[in-house]
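K.L.:
Here's a structure for you.
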Amino acid sequence: MDVTGHALMRLFYRLKTTSATAVLAELSAGVLSFDQWATFLYRLPESCDILVPTSAGALAVARNCIPGSTKADFVARTWMSHARIADNPARLDAVDRAFTEQGVVLNVRPYPLLTRSRIVATYEVTQAGGIDLLNRVLDSQIPAGRRLSAEWRFR
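Take the sequence shown: its letter number 132 is residue 132 in the working numbering, and every next letter is one higher.
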């Protein structure tokens, strides 16, 4: 995963620090969390944005969809502090839960999480596997009678 200059600037600015050590500590939590989910996230459509929790906020990560690009497949475009995410209580709650459960959040209402505990719980109920299992994890977090748009489903 690449981290844009804008994301680094936001980390310094919103953490109110000039300490590279503090910024790297915040960033490393997100990078390590993202790394364990990268294999699964490749199966999401290219248009999906993912929120990767850090201790004080979240990295907004997108696929790098530039044809012929030699850059990483995922790019952390910006970093949002908890205070900034608080404008949307549902998204803040999802980021907090994902941080606690060591997972990631799809950045679309109702902000479903992908976490190990949710994958295991869904598997125990459905015995589904592969892509079907991942989509069922997401579906289990969608209000009854609604369905996550196809553009946000694993493929």
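Backbone N, C-alpha and C fix where the C-beta goes; we use that ideal spot for every residue, glycine too.
(1) Using the C-alpha atoms, what's the distance from residue 129 back to residue 108?
(2) Check the C-beta distance from residue 106 over to residue 50 and give it rounded, since I have them as a contact under 8 Å.
(3) Since I believe residue 103 is in contact with residue 115 (beta carbons under 8 Å), could you give me their beta-carbon distance rounded to a whole number of angstroms?
(4) If I measure Cβ to Cβ from residue 141 and keep anything under 7 Å in the same chain, skipping five residues before and after, which residues do I get?
(5) Quick one: using the 10 Å Cβ neighbour count with 16 as the cut-off for buried, is residue 147 buried or exposed?
(6) Go through its chain and collect everything with a Cβ distance to residue 43's Cβ below 8 Å, but skip five positions before and after it.
(7) For residue 54, count the other beta carbons within 10 Å of its own beta carbon; 16 or more makes it buried, fewer makes it exposed. Which is it?
(8) Which residue wins for smallest C-alpha separation from residue 9, given the options 59, 34, 29 and 48?
(9) Apart from the five residues on each side of it in sequence, which residues of its chain come closer than 8 Å, Cβ to Cβ, to residue 143?
(10) Beta carbon of residue 3, beta carbon of residue 12: below 7 Å?
(11) Report yes if the C-beta distance between residue 52 and residue 33 is below 7 Å; otherwise report no.
(12) Check for me: the alpha helix (DSSP H) holding residue 49 runs from which residue to which?
(13) Using the three-state DSSP reduction, which class does residue 153 fall into: helix, strand or coil?
P.N.:
With the given structure in hand:
(1) Cα-Cα distance, rounded: 24 Å.
(2) That pair is a contact at about 6 Å.
(3) Sure, about 3 Å apart at Cβ, within 8 Å.
(4) 110, 112 and 113
(5) exposed
(6) 131, 134, 154 and 155
(7) buried
(8) 59
(9) 110
(10) no
(11) yes
(12) First-last for residue 49: 49 to 54, but that is the beta strand (DSSP E), not the alpha helix (DSSP H).
(13) coil
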